[in-house]
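Everything on this sheet refers to the single structure shown next.
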Amino acid sequence: METAGSEHAPQDVILLSVLGRFDLRRKEGETLLPALTGEAQRLLALLALRGRLVSRASVAGTLWPESSEQHAYASLRSALSRLSALGQDAVVITDNDLELSMSVRVDLDDARGLAHRLLEPTPDTPQAADLRAEAIRVLSLECLPDWYDDWVLLEAEEWRQLRLHALAALALVLTETHRFGHAITAALAAIRADPLRESAWATLIRVHLAEGNQSEAFRAFAQYREVILQELEVEPTPALRALLPAREAR
10 METAGSEHAP
20 QDVILLSVLG
30 RFDLRRKEGE
40 TLLPALTGEA
50 QRLLALLALR
60 GRLVSRASVA
70 GTLWPESSEQ
80 HAYASLRSAL
90 SRLSALGQDA
100 VVITDNDLEL
110 SMSVRVDLDD
120 ARGLAHRLLE
130 PTPDTPQAAD
140 LRAEAIRVLS
150 LECLPDWYDD
160 WVLLEAEEWR
170 QLRLHALAAL
180 ALVLTETHRF
190 GHAITAALAA
200 IRADPLRESA
210 WATLIRVHLA
220 EGNQSEAFRA
230 FAQYREVILQ
240 ELEVEPTPAL
250 RALLPAREAR
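Residues in the sequence shown are numbered consecutively from 10, following my numbering.
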């Protein structure tokens, strides 16, 4: 375990994953997840999601909210002491704070970077790699699915909103470059993540129309209308209807 100011040989890159599932491994190495206790996994996940220096008090209070302060600090000390060798390499500790080592690469950080490049384009972005099928796969991954701690759910929802907007932006960029197949895949990924999200269906309709497939656009509208009538008992908004060619949408 690293401590502030300690001198050590450069560490191999450590890959910490929170998208799709929790995982920890050396780059190019086998997963070492079985060597981590549940408390150690939660500690590393918290540091990954917060993405910054986190005080011991905040870590203890977040991971053990129902415990007394004394017991929460004891649980934190126990979790730190029971980290695997790889987990110890991944964490830097000071008297008051914890953070991930510089050798740790978190997949969520890379995914957020991808999303922001799509949503806030510059003359140099998006990059060519941002427009490949792998980008759609990454943006389709949930953050720590099946983890139900309050601090996880908040971060997971923030990522969900970001990735859904990024998938829509990606679909439109792919449409502009006439890569309609990938554009449709991106739009459908957003729909799978939230079938009631009208903006996702609007993106799909725009892609179909850009490709010249009016019948597919009307079919998508009809599918969405059926979904929200069944689930919410409401009609699509006039804005969505207005996307369709000039005939009555049924």
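Built from N, CA and C at the ideal position, the CB exists for glycine as well.
Quiz item: So what does DSSP say about G153, is it helix, strand or coil?
Solution: The residue you call residue 153 lines up with position 144 of the sequence shown. The amino acid occupying residue 153 in the given sequence is Leu; Gly does not appear at that position. In this structure, L153 counts as coil in the three-state DSSP scheme.
Exercise. Would you tell me roughly how many angstroms separate the C-alpha atoms of L33 and I23, rounded to the nearest one?
Key: In the sequence shown, the residue the question calls residue 33 occupies position 24. In the sequence shown, the residue the question calls residue 23 occupies position 14. If I take the Cα positions, the gap works out to 7 Å.
Quiz prompt | Integer-rounded CB distance, given that A219 should sit under 8 Å from T184 | solution = As a first step, residue 184 must be located in the sequence shown, where it is residue number 175. As a first step, residue 219 must be located in the sequence shown, where it is residue number 210. Right, their Cβ atoms sit about 5 Å apart.
Self-check item: alpha helix (DSSP H) runs wholly inside the region 36 to 115, at least 4 long, in chain order
Solution: 47 to 59, 65 to 72, 78 to 90, 94 to 99
Quiz item: Just how far apart, CA to CA, sit P254 and Q223?
Solution: Counted from its first residue, the sequence shown places residue 254 at position 245. Counted from its first residue, the sequence shown places residue 223 at position 214. One C-alpha to the other measures close to 8 Å.
Quiz item: What is the rounded straight-line gap between the Cα of L173 and the Cα of L25?
Solution: Start at 1 with the first residue of the sequence shown, and residue 173 comes out as number 164. Start at 1 with the first residue of the sequence shown, and residue 25 comes out as number 16. Answer to the nearest angstrom: the Cα atoms are 23 Å apart.
Quiz prompt | As assigned by DSSP and simplified to three states, the class of D32 | solution = Reading the sequence shown from its first residue, position 23 is the one you call residue 32. Strand, per DSSP.
Quiz prompt | Residue range of the alpha helix (DSSP H) that includes L176 | solution = For the purposes of this step, residue 176 is taken as the residue at position 167 of the sequence shown. Taken as a continuous stretch (DSSP letters only), the alpha helix (DSSP H) holding L176 covers 159 to 185.
Exercise. Assign V243 to one of two classes, buried (16 or more other C-beta atoms within 10 Å of its C-beta) or exposed (fewer than that).
Key: Mapped onto the sequence shown, residue 243 falls at position 234. So V243 ends up on the exposed side.
Quiz item: Between V113 and the rest of its own chain, which residues show a CB-CB distance below 6 Å, the 5 nearest in sequence each way excluded?
Solution: Residue numbering aside, residue 113 sits at position 104 when the sequence shown is read from its first letter. Here the set comprises I23, L25, A99.
Practice problem: Inspect the beta-carbon positions of G96 and L45 and report whether they are closer than 7 Å. | Solution: Position 87 of the sequence shown, counting from 1, holds the residue named residue 96. Position 36 of the sequence shown, counting from 1, holds the residue named residue 45. Against a cut-off of 7 Å, the Cβ pair of L45 and G96 comes out as a contact.
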